[in-house]
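Reviewing the structure listed below.
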Amino acid sequence: MPGPRVRGRAAPHRCGAGHGRGGTVGDQKTMIDSERPAALIIDDDDTLRTRICRAFQLRGWEAYGADTAAAALRMAQDQGPDLALVDLRLPGESGLDIVRTLHALDATMSIIMLTGYGSIATALEAVKCGADHYLTKPVDVDQILSAYEALRATRPAGQDPPATVPSLARVEWEHIQRVLADCDGNISQAARLLGLHRRSLQRKLSKYPPRA
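When the letters of the sequence shown are read in order and numbered with the numbering used here, they come out as residues 482 to 693.
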């Protein structure tokens with residue numbers, strides 16, 4: 482599982498009964514500090530979404546639920562999840578579009594697509610859209626976590642950098658380092674100034690510095 486994280490300000494939403502279309506699952510409680518990894522579960526099946534959220538929580542994760550693309554985007558922006566689990570079929574919406582949006586928002590987020598209509602063609606399309614893995618329902622949290630850990634194992638922090646890296650990546654890295662230095666190493670403050678969630682910034686910092 483992900484390593485220790487700096488304490489943040491976000492308050493989780495319980496994965497209970499939904500609040501209707503376009504809303505997230507659960508109600509917001511008091512602000513808390515947390516160093517746990519976070520998962521975003523995007524599925525319109527209230528029972529399945531709640532079950533998966535609770536299973537993640539029992540394994541020491543923060544877990545958030547959303548039943549629409551709009552709700553998922555809000556949660557991703559607010560919570561910066563480490564893992565997003567996206568159902569392929571939502572009423573009137575495509576999980577592939579959600580994958581594209583989440584990947585564009587934060588390419589360091591691990592995205593796993595779920596579907597009850599598995600096919601090689603759909604799996605390939607999901608990967609093209611930015612998904613990191615693809616699982617067919619029925620699925621349990623242990624399978625999801627196994628896939629997540631396998632994804633992390635293929636992208637270890639501190640690996641030797643490739644021979645060439647786009648110069649923009651180096652520019653971003655240096656900019657992040659300058660802002661972090663100006664904030665005396667305070668990741669939460671730097672993340673706010675950079676317009677990133679603290680988890681997203683931590684994942685960027687965990688990677689090797691790109692070559693110029």
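The beta-carbon is built from N, C-alpha and C at its ideal position, and this holds for glycine as well.
Inspect the beta-carbon positions of residue i and residue j and report whether they are closer than 8 Å.
i: PHE537; j: ALA544; result: yes
i: LEU583; j: ALA565; result: yes
i: ALA557; j: LEU586; result: yes
i: ARG679; j: GLY561; result: yes
i: TRP542; j: PRO572; result: no
i: ALA552; j: GLU574; result: no
How would you call residue i, buried or exposed, if buried means at least 16 neighbouring beta carbons within 10 angstroms?
i: GLY576; result: buried
i: HIS656; result: exposed
i: GLN683; result: buried
i: MET590; result: buried
i: SER627; result: exposed
i: LEU605; result: exposed
i: THR635; result: exposed
i: ASP524; result: buried
May I ask you to report which of helix, strand or coil DSSP gives residue i?
i: GLY546; result: strand
i: HIS584; result: helix
i: ALA612; result: coil
i: LEU569; result: coil
i: MET594; result: strand
List the DSSP bridge partners of residue i.
i: THR617; result: THR596
i: ALA520; result: ALA544 and LEU564
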